[in-house]
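Chains A and B, in that order, give the protein sequences. Residue 14 in the numbering used here sits at position 23 of the first sequence, and the numbers go up by one each step. Residue 56 in the numbering used here sits at position 65 of the second sequence, and the numbers go up by one each step. Think of the CB as a built atom: it goes at the ideal place given N, C-alpha and C, for glycine as much as any other residue. As the structure is a prediction and not an experimental result, all values here were calculated from the model.
Number of protein chains: 2
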Amino acid sequence: MESVFEIIAEPNRRAILGLLVSSQQSVGEIERRLRMPQPTVSKHLRVLREAGFVESQVDAQRRLYRLRPEPLQEVDAWLAPFRRFWSVHVDALERHLDRMEEPTPIKKNKRRKGEDR
Amino acid sequence: MESVFEIIAEPNRRAILGLLVSSQQSVGEIERRLRMPQPTVSKHLRVLREAGFVESQVDAQRRLYRLRPEPLQEVDAWLAPFRRFWSVHVDALERHLDRMEEPTPIKKNKRRKGEDR
DNA sequence: CACGTATATGCTTTTATAGGTATATAATGT
DNA sequence: ACATTATATACCTATAAAAGCATATACGTG
């Protein structure tokens, strides 16, 4: 499990991260809220911990897990160039739609055979 | 392969998306630039296409693939609550570091056994 | 010290997916 | 019609990882 992307590919792990974003939780709380077997929770928490997504603090027999920002920031950073891409394309779409406002000569269908979408 | 997260978990697919962000490419161009066997490229492109990350346009024997924004925007949307989380925590860290500027009484090590990080 | 509670780990089985190689399909030019 | 180029797909194998269950470890309390 090398990359942060593989870590967040697992739905249960995303659910756990989603829980922890509001506040820290014990393993048992996560177990109850997500209705997930305890070993499953512990195993996913281990993966998340070793990848730096969460850290734990001992509180008697409990372990309180809380979020750490770095790995998700890494995902955020990876998205940066694509954000630029799609803002450009929203602009292009808007310009296109603007042109649609004009008198509207009816166009022929120019789609070619084998082209999708 | 249900979720967008599983799709981008694969490094070759992320590489392909990274290539396409600048401009559309044919399968052969992707193959050469990423030094990836052609069937590998085609298979990953199929996955990406079926998940809506890319679309293709026929150009003679070639197929030109280009990016579509929606699935990555979905990832971006998933990150939103975490962004709020880490901006809060950067603030907290800053306040903490500010306090460190003060006269600095030497503290004892309070870490408990079994606590990580 | 025995017991209950909380969490972690070990083992086994199942499943999904990526890679490799060969081959199929499609379009083009001669 | 045939050869060439470009891309897609089929089949097989290897591998990794998730789930389930049992069990181990750790702490706290009577």
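1) List the endpoints of the continuous beta strand (DSSP E) containing R53(B).
2) So, using beta-carbon positions, are R57(B) and Q29(B) closer together than 8 Å?
3) Just how far apart, CA to CA, sit S(-6)(B) and L55(A)?
4) For F44(B), would you say it is in contact with chain A, using Cβ-to-Cβ distances shorter than 8 Å as the test?
5) Verify the CB distance criterion: does S(-6)(B) have a CB-CB separation below 8 Å to chain A?
6) If we ignore side chains and look at the alpha-carbon of each, how far apart do H35(B) and E(-3)(A) end up?
7) Across which residues does DSSP place S47(A) in a beta bridge pair?
8) When burial is assigned at 16 or more other CB atoms within 10 Å of the CB, is L63(A) buried or exposed?
9) Comparing the C-beta of L63(B) with each C-beta of chain A, is any distance below 8 Å?
10) Output needed in chain order: residues of the segment -5 to 10 of chain A with a Cβ under 9 Å from some Cβ in chain B.
11) Locate the alpha helix (DSSP H) running through I21(B), then write down its first and last residues.
12) Please report how far the alpha carbon of Q48(B) lies from the alpha carbon of V66(B), in whole angstroms.
13) Under 8 Å between C-beta atoms, does R74(B) make it to chain A?
14) At least one CB of chain A closer than 8 Å to the CB of H87(B): is that the case?
15) Apply the 10 Å Cβ neighbour rule to P72(A) and answer buried if 16 or more other Cβ atoms are within range, or exposed otherwise.
16) Once DSSP output is grouped into helix, strand and coil, what is the label at Q15(B)?
17) Listed from N- to C-terminal order along the chain, which residues in the segment 14 to 44 of chain B have their beta-carbon within a distance smaller than 7 Å of any beta-carbon of chain A?
18) Go ahead and label A68(A) buried or exposed: buried means 16 or more other beta carbons lie within 10 angstroms of its beta carbon, across all protein chains shown.
19) Near M91(A), what residues of its chain come up, given a Cβ to Cβ distance below 7 Å and the 5 sequence neighbours on each side ignored?
Reading off the structure:
1) R53 to L58
2) no
3) 29 Å
4) no
5) yes
6) 16 Å
7) Y56(A)
8) buried
9) yes
10) F(-4), E(-3), I(-2), I(-1), A0, E1, P2, R5, L8 and G9
11) V18 to L25
12) 25 Å
13) yes
14) no
15) exposed
16) coil
17) none
18) exposed
19) none
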